[in-house]
Structure formats: C-alpha cells, structure tokens
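S.K.:
2 protein chains.
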Amino acid sequence: MIKLFTNSEQIITCNTQGRNYKRGSELKNLDVINNHFIVVENGTIKDILPNSSLNKFVTTEKINLKDKIILPGLIDCHTHTAFAGSRANEFKDRISGKSYEDIAKAGGGIITTVNAVRNSSIEKLVEIMKPRIREYIMQGVTTLEIKSGYGLDFENEIKLLHAIKIVNEIFPIDIVSTFLGAHTFPPEFKLNRSGYIDIIVDKMIPHIAKNKLADFCDGFCELTAFNADEIDKIFFTASNAGLKLKLHTEQFNNIGGLDVALKYNATSVDHLEVLQNNDLSKFKELETVAVLLPGVSLFLDYQFAPAQKLIGHNAIVALATDYNPGSSNILNLHLIMSLAALKMKMKVEEIINAVTINAAKALNRERLVGSIEIGKKADFAVFDANEYSEIIYNVGRNLLSHTIKNGEVIFRKD
Amino acid sequence: MIKLFTNSEQIITCNTQGRNYKRGSELKNLDVINNHFIVVENGTIKDILPNSSLNKFVTTEKINLKDKIILPGLIDCHTHTAFAGSRANEFKDRISGKSYEDIAKAGGGIITTVNAVRNSSIEKLVEIMKPRIREYIMQGVTTLEIKSGYGLDFENEIKLLHAIKIVNEIFPIDIVSTFLGAHTFPPEFKLNRSGYIDIIVDKMIPHIAKNKLADFCDGFCELTAFNADEIDKIFFTASNAGLKLKLHTEQFNNIGGLDVALKYNATSVDHLEVLQNNDLSKFKELETVAVLLPGVSLFLDYQFAPAQKLIGHNAIVALATDYNPGSSNILNLHLIMSLAALKMKMKVEEIINAVTINAAKALNRERLVGSIEIGKKADFAVFDANEYSEIIYNVGRNLLSHTIKNGEVIFRKD
C-alpha cells in the first residue's frame, strides 16, 4: 500500500547519509527539504520526491499536510513511565527546602514509588500507563523508552517489564523496555547489598534475557544507590547475557560510573549534570550517547548538564524527559526541548537532532527510526508552525498537528 | 435557572470572608471544603451546601464532577496576547548569547512586534488571538487581561483595544483590557520623547477613557523605555481620566517606577525581579498587588522576583504568564504555577491564591470573581486530580477537566 504525505511547508529529515547519529558540530544540521513529498509503502519511507513529480501519483492516497512542518517522529529515550502512586507530598517538602538526596536518605524518594508499585497489579500498572502514553502520542512521540526499577525484587521487576510489554502491544508506537533493577537498594537489602546484587545477577538478568523482557540493562551509579564496583558486576552479567547497557551517572557525584559504562561500551550514559571537565574528551570518538535530562535540573532546581561543552567535545548528545514522579514529573518532551534552549543554550537544530536521530541511537534503533530517510519507518511528528524553531520557541504550548507511525495517522488534533 | 455542581472530591474556595484578597501568611490558606455541592442560579453562586441536603434538589440540573477538584476559575492578570508576528529569530539570538536589552537597543525586540501589528488589520488581530484564547480556556482561565502596547500610535493602539473588545464579545470568558501606549517609544519619536508623551496624554488617554476602551492604563518604567517622570505625567492624566493603573517596574533596573506607581495608588506593580530589599516594607499594608511573572525569568534566563520575601513582608502577591512574543512566549498558566513552586519556592497554596483571588484583585474584579463564595460569578476550573497540589506537581501537563464560566460548561476535555 502506497501513501503520499504532501504539501508540507518543510520536511526536517535529520538525515545523516547512513551513519545514523550526529556528533559535535554536526548537530547544527537538520537537512531541511522544501517542495517535496514523502512516498510511504507498507509503513516504510520509499522515496522523497519533488512536488513536480506528484502528477505521477494521480490515484494514490494522499495525506495533505499543507503548511505544516514534518519532523521525524519524536523519541523519548529515557523515562520511568511505569510508576504508581504520587509523590506530590515529597514535592511540597522539596519546595520547603529538603533536598532530593535527604529525602532518599530518610527512606522516602524512590522507595515511596516502590511500595506503590508492589501494591499494584499488572492490570493496574497498565491502566495507569495508558493516559500517559496517549499524552506522549499527542506530542508526536513515536518511540518511547520505559524503565522498570520500582519493583526491586524478582517478582515486581518482572511484573513491571510485563506491563511495559503489554502497553507496547496495546499502543501503535514502539516502546523500548529497560531493566533497572539496580535503581536503588530495596529496604529489605539495605544491610545486605551483595545479597541484592546476587539476585539481580543470578536470577533477574538471566530470566529477563532468556524471556526477552528488556532490550537494555540500566543502573544508577550514585552515593545513595550503587557504587562503581557493583555496577561493574551487574554490567558484566548483563552484557554477557546479550542485554545492551545504559547508566544513570554523574548526577550528584563522580564515583566512577562513567568509566564503568565506557568499559562495557554502554549505549548511553544518562544525566551528567556534574560531569568533570577532564572527562569531556572521553566522548570525542565514542559511540556512547550522552543523554541529557534538563527536566531534572528544573524539577530539582539543580545545575544543568554541560550540553555545549559536550557538543564542543564532539559528543553524540540526546535529550529526554526522564519522566518520573520524584525528580522530573514532566510528561512533556516539548517542554524539555524548550528547557534545553533556554537553560542549556542548545541551538534549535541541536535540540531537534537530540530528540530524533540521536535519541534513536541512544535506544539502538537508529537504523530503523530517528530520521526521514528512505528505508526507515514512516514515523513523523507533524506540527502547525511556520518554521521548526516555533516548536521550541512556544514554551509550554503543544503545536502538534498529526502523529504518524509506520505511515498511519495515529493522532490528529481536532 | 438553578444548577448544581455535585460530587467533587474537593472545593478549593479561596474564601477571604469578604475582604477579597490575601496578603502575607494568609496566602497559605485555601479554605478547602469537602462533601459539599455548589448551587448556581443565573450564573452566580447561590450556596455551597453539604451533600446531605442534595435530596432537596431532586429535579434540579446536576453537573456531576465526581472525583474532581474544583478551583475558582483561573485568572491570568498580565498578558500581551494581542500581538502579531513571531520573534523566533530573536529567541535564537538570545540562545546564542544576545541579551534582551541589547536586542531592544539594536532596534529589535518590541519594535519587531509593533511593525507586525501595524501591518495587521483588526480582523487579522482577532483571528490571531482566537486560538490563543481557546488555549487559555482549555487551561481553566475564565478571566484574562490583555494589553495593547504594540501599536504605539493613536490609530494602532485604538485598533488593538478594539480587537481586544471584539474577542471579549466573541468568547464567553471575561477579557480585561489595558492600555499600554507607554510600552516603549515608537521609532518615529525616538528623538522626541516628549512628543510621544504628549500624544499619549493629550490624545490617546482622553479618547480611550471617553470611549471606555480600557479598564487600565499601564506603562514600562525602564532604562530602555520610560523614566519615572514620564510615567508620572502619564499616570496623572490617566488617573484623572478615571483609568485604573498598573506599572511594569523593577524588571532590570530601579529607576523610580515603584514610587510613582505607589504615589498614584496603582492597582498592581508588575515584574519586580530586581526589587530592592529596602522597598519590601512598602508592601506591608499596601492594597497594590505585586504581580510576579516567573515565565519571563525562565524565558530570559534571568533572576526571579523575590516572592518569599514579598510574602514575608505581608504583600498581596499574584502570578501571571506575561504571555508575549519577546520575553515570555509561554501561553501556559499551569506552567507558570509550577515555575513559581520550583524556582520561587512558593507553596502550592500560595500559588493557587496568586492565580485566583489575588489575580482578581490585580484586575479590580475581586468583588466579582477569584473565589468560590456566595454572590460571586460561578467561574470554576475543574481538574482531574486526587488533590490540588497535583495540578502544580505535574509540570507541563494539563489536568484540566472542565472550564465553567457564569455557571456554563464552556470547555470539557474529551
């Protein structure tokens, strides 16, 4: 089945001529095409042709995107969407002056959500996630990563991964699943850290790998969570089991997480708010993506990751919401894009590449999605805007017009 | 016609026992009512009764708000919604390091918008405003202030005020009109400041007052705009003509604006990002509202107004978007509420009072709207939330369920 997406004002391709990511100064290029239409066959981009050849397709189905801006479908490559409960009370405590780390040390924080998840059935978790995923779709998100990490025991981590699998089947967008058993230590293992790591290594990872319950294994390398040696053990096992790797690291402290992640060729290192200057050069030729999360910095009123320095050191930079109830309760990828401009001084073009092709790279999906190129999935985020910078300049406003996944219009405004 | 609004989880009244504003520590009180329903007659709140008396109203029309949170209709008391054109290019310049003041000095900034407005017909201005006002309504805004200030000559200022009058007639919400001829000097009077002030004083203000084209006269007291003596002249005339007063002041510099505003008993002083500590005590018993605009601070990456200090000094504090294309392109009052929590450390309760009863006070409408009290207009913002802090804690997400104006449901989600 052939379909044409016609009449748009601009097509922002994010084309990389086959390399499928952008590093350093390449992030400034968007590869914008005017006066062309997109030919889609069976959900895949077959061609991008000049409007002059439109007359060859007289009887073909046309989706008229007059005056609109077509971007590759947006990708949120770091989220904790699979949570239950609310942490509004903790939010109020933080406004009154308590720090995120203090709350975690006092037994609040992630553990509050763990208790809510453990008390939720798999059906309940799916129901909780549904409106959130609808909201992502209304923003033009066509690929979404979701982590476990609020179960923290075998049964509850597996439950979360199954719930994520179910929403992936229910919704037309691609949901990428990440196992985050190493999010923090569960209360019952506070005094027996190695006991919990044994469960992750001996029981959870083999089961998850065998049953293909996750694409990635992730961890949180931080003083209040796992140290570098503990992450090393987990990554050794996960890597051997065939899982790709990600790591939450350099958020509050530098305790060796970055080097462990790089030792295992992690697909991405995420956070990096306190990344040291002398670590910047490590990103120079690295294929590991630096995933930056400005929503956390806004939400915790904390420093922002050094986006411009990373780009200056030739890193592959991506952006994500880190949507979660404690440190970034921001289910809004457009707002994250605006924050990257306003607070990290990323250029509009850099930001768009960071939530498309580089976010695809952070999910190991860069050969399938993330740019408008022949052979890739026909995933588009279509906006009502005169030009692409309007999407970022209109802070807190959703200019999305259509979300298109595998060539199907899965959301249309009004 | 009697109607009942029933079954809500909470009614946040923002009741002030008739005083109609909250200052200092009073901002912490919301006056929440549970297990009650609201009786509305002919668009006005007639009673708030316990659920046990619901059986007296068997045949009365009921709007079922089960599990929802009812707030007074939200009020955005400082906006420049009546603008044409885009300043996305200037936004890009700012990301690259140019300051807002540098852009203004180089002839960009407000003047860019003035040119676009002068080139727009009144019909075009109305068309441009329509989707913006719809978006406000979808956020639960039932009273909206809009300023002129992008015309900067007699004909174009009048044109803007007429366009604002027309949208007020088209839409069911209340739109309050403010004359801001003293926004900046038009290019043709750059070298003849007193010439422009003469036009404001001799021509614009008398015409506007006579034809009731605006409720307020506003100005911008700043190094790049009007000095305190110039504002004094304008306020003298406006005040005598019967217009209420507002002033943009203490945004970048302290040049005497605050004292001029207080001399004329201005209804509000807006911005206050650089308010001096020794000016704080002036707010102690003042009925002038301090309108804070955290969106500007985010958008310009600039310091935030001292909200906690003002509240500590017993001020009447309100919050608004300052929606405008140059310094706060943020058409999202909920996001402003979240920013007030995250960046100004305002408590959730203080924020809700600041966009309801105190915002009404900033528009001189506090006897009509701003709280859920017998005799006031039945204006409600109804949210899908377990409790009111969720509205602010869910950053960048719109939890609004119904907007009710004069007892009519004017917007309903899905």
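In order, the protein sequence lines correspond to chains A and B.
Residues 1259 to 1672 in my numbering are what the first sequence lists, from first letter to last.
Residues 1259 to 1672 in my numbering are what the second sequence lists, from first letter to last.
Built from N, CA and C at the ideal position, the CB exists for glycine as well.
1) Work out the CA separation of B:Ile1416 and B:Asp1487 for me, nearest whole Å.
2) At which residues does the alpha helix (DSSP H) containing B:Thr1371 begin and terminate?
3) Looking at A:Glu1403: is its Cβ nearer than 7 Å to the Cβ of A:Leu1589?
4) Run down chain A in chain order and give the residues with a C-beta less than 7 Å from the C-beta of B:Val1606.
5) Quick check: what's the CA-CA separation for A:Leu1533 versus A:Ile1513?
6) Whole-angstrom Cβ separation of B:Pro1583 and B:Ser1266, contact assumed at under 8 Å?
7) To the nearest angstrom, report how far apart B:Lys1605 and B:Ala1612 are at their CA atoms.
8) Check the DSSP bridge columns for A:Asp1748 and list the partner residues they point to.
9) Along the chain, where does the alpha helix (DSSP H) that runs through B:His1420 open and close?
10) Run through the DSSP bridge pairs and tell me what A:Val1290 is partnered with.
11) Can you tell me which of B:Lys1261, B:Ala1483, B:Glu1631 puts its alpha carbon nearest to the alpha carbon of B:Glu1508?
12) Which whole-angstrom value is the C-beta distance of A:Leu1329 and A:Ala1639, which I expect to be below 8 Å?
13) Would you tell me roughly how many angstroms separate the C-alpha atoms of B:Thr1271 and B:Thr1318, rounded to the nearest one?
14) Based on Cα-Cα distance, which residue from A:Arg1390, A:Ile1369, A:Phe1494, A:Thr1442 lies nearest to A:Asp1460?
15) Could you list which residues in chain A have their beta carbon closer than 9 Å to that of B:Val1653, in chain order?
16) Considering only C-alpha positions, which residue in the set A:Thr1274, A:Ser1435, A:Ile1269 is nearest to A:Thr1401?
17) Taking the alpha-carbon positions, what's the A:Pro1308 to A:His1294 distance?
18) What did DSSP end up calling B:Thr1495 once you bin it into helix, strand or coil?
19) Just curious, the alpha helix (DSSP H) that A:Ile1463 is in, first and last residue?
20) Taking B:Leu1600 as the query, report the chain A residues whose CB atoms sit under 8 Å from its CB, ordered along the chain.
21) Check whether the Cβ atoms of A:Asp1528 and A:His1338 lie closer than 7 Å to each other.
22) If we ignore side chains and look at the alpha-carbon of each, how far apart do B:Glu1666 and B:Gly1301 end up?
23) Anyone know if the C-beta pair for A:His1571 and A:Ser1539 falls short of 7 Å?
24) Check whether the Cβ of B:Ala1346 lies closer than 7 Å to any Cβ atom in chain A.
25) Between B:Glu1359 and chain A, is the shortest Cβ-Cβ distance under 7 Å, so that the two count as touching?
26) Please identify the residue among B:Glu1446, B:His1660, B:Tyr1651, B:Arg1670 whose C-alpha is closest to the C-alpha of A:Glu1348.
27) Using a Cβ-Cβ cut-off of 6 Å (strictly less than) and excluding sequence neighbours within five positions of A:Arg1670, which residues of its own chain qualify?
28) Use the C-beta contact count for B:Pro1564: other C-beta atoms within 10 angstroms, 16 or more gives buried, fewer gives exposed.
29) Give me the Cβ distance between A:Gly1654 and A:Leu1593, rounded to the nearest whole Å; I'm assuming they're in contact under 8 Å.
30) Within 10 angstroms of its Cβ, does A:Asn1450 collect 16 or more other Cβ (buried), or is it exposed?
31) Go to A:Ala1440, then tell me how far its beta strand (DSSP E) extends in each direction, as first and last residue.
32) With 16 other CB atoms within 10 Å as the buried threshold, where does B:Leu1262 fall?
33) Three-state secondary structure (DSSP) at A:His1336?
34) Label B:Lys1470 either buried or exposed according to how many other C-beta atoms from any shown protein chain fall within 10 Å of its C-beta, with 16 as the threshold for buried.
35) Keeping to the same chain, check which residues put their C-beta closer than 6 Å to that of A:Asn1325; ignore five residues upstream and five downstream.
36) Spatial neighbours of B:Lys1382 within its chain, please: C-beta separation below 8 Å, excluding the five flanking residues on both sides.
M.R.: Taking the geometry as given:
1) Mapped onto the second sequence, residue 1487 of chain B falls at position 229. Mapped onto the second sequence, residue 1416 of chain B falls at position 158. C-alpha separation (whole angstroms): 25 Å.
2) Indexing the second sequence from 1 puts residue 1371 of chain B at position 113. First-last of the alpha helix (DSSP H) with B:Thr1371: 1368-1376.
3) For the purposes of this step, residue 1403 of chain A is taken as residue 145 along the first sequence, with counting starting at 1. For the purposes of this step, residue 1589 of chain A is taken as residue 331 along the first sequence, with counting starting at 1. No.
4) One-based indexing of the second sequence puts residue 1606 of chain B at position 348. Chain A residues near B:Val1606: Lys1350.
5) Taking the first sequence and counting its residues from 1, the one referred to as residue 1533 of chain A is at position 275. Taking the first sequence and counting its residues from 1, the one referred to as residue 1513 of chain A is at position 255. Going from the Cα of A:Leu1533 to the Cα of A:Ile1513 covers about 11 Å.
6) As a first step, residue 1583 of chain B is located in the second sequence; it is residue number 325 there, counting from the start. As a first step, residue 1266 of chain B is located in the second sequence; it is residue number 8 there, counting from the start. So it is not a contact: roughly 37 Å between Cβ atoms.
7) Indexing the second sequence from 1 puts residue 1605 of chain B at position 347. Indexing the second sequence from 1 puts residue 1612 of chain B at position 354. A straight line joining the alpha-carbon of B:Lys1605 with that of B:Ala1612 spans about 10 Å.
8) The shown model of chain A, from 1259 to 1672, leaves out residue 1748 of chain A, and the question about it has no answer.
9) Position 162 of the second sequence, counted from the start, is the residue given in the question as residue 1420 of chain B. B:His1420 -> alpha helix (DSSP H) spans 1412-1428.
10) Position 32 of the first sequence holds residue 1290 of chain A. Answer by DSSP bridge pairing, in chain order: A:Ile1270.
11) Within the second sequence, residue 1508 of chain B is the residue found at index 250, counting from 1. That would be B:Ala1483, whose Cα lies nearest to the Cα of B:Glu1508.
12) To locate residue 1329 of chain A, count along the first sequence from 1; it is residue 71. To locate residue 1639 of chain A, count along the first sequence from 1; it is residue 381. The distance from the Cβ of A:Leu1329 to that of A:Ala1639 is about 5 Å, consistent with a contact at the 8 Å cut-off.
13) Here residue 1271 of chain B is taken as the residue at index 13 of the second sequence, counted from 1. Here residue 1318 of chain B is taken as the residue at index 60 of the second sequence, counted from 1. B:Thr1271 and B:Thr1318: Cα-Cα distance of roughly 23 Å.
14) Counted from its first residue, the first sequence places residue 1460 of chain A at position 202. It is A:Phe1494 whose Cα lies nearest to the Cα of A:Asp1460.
15) Within the second sequence, residue 1653 of chain B is the residue found at index 395, counting from 1. Those are Gly1553, Leu1556, Phe1557, Ser1586, Asn1587, Ile1588, Leu1589, Asn1590, Leu1593, listed as they occur along chain A.
16) Taking the first sequence and counting its residues from 1, one reaches residue 1401 of chain A at position 143. Checked all of A:Thr1274, A:Ser1435, A:Ile1269; the closest Cα to A:Thr1401 is A:Ser1435.
17) Counted from its first residue, the first sequence places residue 1308 of chain A at position 50. Counted from its first residue, the first sequence places residue 1294 of chain A at position 36. Straight-line Cα distance between these residues: approximately 4 Å.
18) For the purposes of this step, residue 1495 of chain B is taken as residue 237 along the second sequence, with counting starting at 1. In the structure shown, B:Thr1495 sits in a helix (DSSP, three-state: H, G or I).
19) Here residue 1463 of chain A is taken as the residue at index 205 of the first sequence, counted from 1. Note, A:Ile1463: alpha helix (DSSP H), 1463-1468.
20) In the second sequence, the residue the question calls residue 1600 of chain B occupies position 342. Ordered by position in chain A, the residues that pass the 8 Å Cβ test against B:Leu1600 are Ile1353, Leu1556, Phe1557, Asp1559.
21) Taking the first residue of the first sequence as position 1, residue 1528 of chain A is located at position 270. Taking the first residue of the first sequence as position 1, residue 1338 of chain A is located at position 80. No, the Cβ-Cβ distance between A:Asp1528 and A:His1338 is not below 7 Å.
22) Within the second sequence, residue 1666 of chain B is the residue found at index 408, counting from 1. Within the second sequence, residue 1301 of chain B is the residue found at index 43, counting from 1. Going by the C-alpha atoms only, they are around 7 Å apart.
23) Locating residue 1571 of chain A in the first sequence gives position 313, counting from the first residue. Locating residue 1539 of chain A in the first sequence gives position 281, counting from the first residue. Yes, these two residues count as a Cβ contact at 7 Å.
24) To locate residue 1346 of chain B, count along the second sequence from 1; it is residue 88. True, the Cβ-Cβ gap to chain A drops below 7 Å.
25) For the purposes of this step, residue 1359 of chain B is identified with residue 101 of the second sequence, where counting begins at 1. Cβ-Cβ to chain A under 7 Å: no for B:Glu1359.
26) The residue labelled residue 1348 of chain A in the question sits at position 90 within the first sequence. Measuring from the Cα of A:Glu1348, the nearest candidate turns out to be B:Tyr1651.
27) On the first sequence, residue 1670 of chain A is found 412 positions in, with the first residue counted as 1. Answer for A:Arg1670: His1660, listed in chain order.
28) By one-based count along the second sequence, residue 1564 of chain B stands at place 306. With a threshold of 16 other beta carbon atoms within 10 Å, B:Pro1564 meets it and is buried.
29) Along the first sequence, one-based indexing puts residue 1654 of chain A at 396. Along the first sequence, one-based indexing puts residue 1593 of chain A at 335. Contact between A:Gly1654 and A:Leu1593 holds: their C-beta atoms lie close to 6 Å from each other, under 8 Å.
30) Start at 1 with the first residue of the first sequence, and residue 1450 of chain A comes out as number 192. Its Cβ having fewer than 16 others within 10 Å, A:Asn1450 is exposed.
31) Position 182 of the first sequence, counted from the first residue, corresponds to residue 1440 of chain A. Here the beta strand (DSSP E) through A:Ala1440 covers 1432-1440.
32) Here residue 1262 of chain B is taken as the residue at index 4 of the second sequence, counted from 1. Answer is buried; the Cβ neighbour count reaches 16.
33) The residue given as residue 1336 of chain A occupies position 78 in the first sequence. Of the three classes helix, strand and coil, the one that applies to A:His1336 here is coil, per DSSP.
34) The residue you call residue 1470 of chain B lines up with position 212 of the second sequence. Exposed.
35) For the purposes of this step, residue 1325 of chain A is identified with residue 67 of the first sequence, where counting begins at 1. For the sequence presented, residue 1325 of chain A should be read as Asp rather than Asn. Here the set comprises Glu1267.
36) Counted from its first residue, the second sequence places residue 1382 of chain B at position 124. These residues qualify, in order along the chain: Ala1342.
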